[in-house]
Ligand code: HEM
Ligand code: HEM
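In our numbering, the protein residues as written are 50 to 218.
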């Protein structure tokens with residue numbers, strides 16, 4: 050039985066964390082905060098692209114995933130709920146961010162390159178507020194997810210955290 054996630058999945062998992070954190074700390078209107086805004090948009094787009102790369106990689110390695118046994122059926126349900134909510138937000142938050150940006154400006158330069166935007170007549174303020182709310186909710190959920198991993202490691206003393214760490218035997 051496999052004890053660790055395949056290396057490409059580990060890399061994508063931790064790279065995603067890095068870009069999400071970068072997007073979060075640079076959060077704000079990119080048409081006002083120009084420099085940090087560019088980092089925000091680039092980090093957010095990277096999260097979006099990694100989402101698809103992650104799905105493809107998980108599919109390719111589907112037979113090599115570790116079987117971390119849940120302690121109870123409630124724990125399994127909770128794990129799956131958190132997992133699919135995290136997945137949905139990895140897709141939804143960048144899309145809403147892109148829609149907000151498209152409503153705020155007709156022309157956005159990302160490190161000198163013109164970012165293709167879509168024309169729309171939506172309520173930009175509402176979409177922006179939803180983007181911001183989901184961004185904050187995402188952080189809370191990541192906190193729970195990380196706390197669960199640490200509880201597995203230090204309280205249950207099982208293999209769950211180690212399965213996502215390359216160096217820990
Ligand atoms: C996982 C990725 C992302 C996260 C976690 C995130 C998070 C956030 C947060 C928390 C804010 C509000 C900051 C504040 O005002 O205090 C924000 C604002 C904003 N973000 Fe993102 N964002 C992400 C990706 C993106 C992307 C890909 C774009 C555009 C292509 C984008 C465009 C915007 C815009 C335009 C605002 C200003 C919204 C407004 O003022 O109504 N974001 N983001
Ligand atoms: C952006 C932040 C994060 C996201 C979106 C995220 C998402 C996910 C997802 C979707 C999985 C299931 C495997 C997969 O489909 O790839 C997973 C597994 C895992 N994550 Fe995270 N994660 C994040 C941050 C963290 C942090 C900060 C920790 C620990 C401190 C952590 C520890 C783990 C562990 C140990 C697993 C394996 C769980 C198991 O198989 O039972 N993650 N993560």
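Built from N, CA and C at the ideal position, the CB exists for glycine as well.
ask   = Regarding residue 192 and ligand 1, is the C-beta to nearest heavy atom distance less than 7 Å?
value = no
query = Considering only the beta carbon of each residue, do residue 173 and residue 145 sit closer than 8 Å?
reply = no
Pairwise C-alpha distance: residue 170 and residue 116 = 47 Å
message = Taking the beta carbon of residue 75 as the centre, do at least 16 other beta carbons fall within 10 Å, making it buried, or is it exposed?
response = buried
First through last residue of the alpha helix (DSSP H) which encompasses residue 61 = 56-74
ask   = Just the Cα atoms here: how many angstroms apart are residue 155 and residue 162?
value = 14 Å
message = To the nearest angstrom, how far is the alpha carbon of residue 77 from that of residue 193?
response = 24 Å
ask   = Where does residue 162 sit, in a helix, a strand or coil, going by DSSP?
value = strand
Closer than 7 Å: residue 163 CB and nearest ligand 1 heavy atom = no
task = List the whole-angstrom C-beta distance separating residue 114 from residue 51, where the pair is believed to meet the contact cut-off of C-beta under 8 Å.
result = 7 Å
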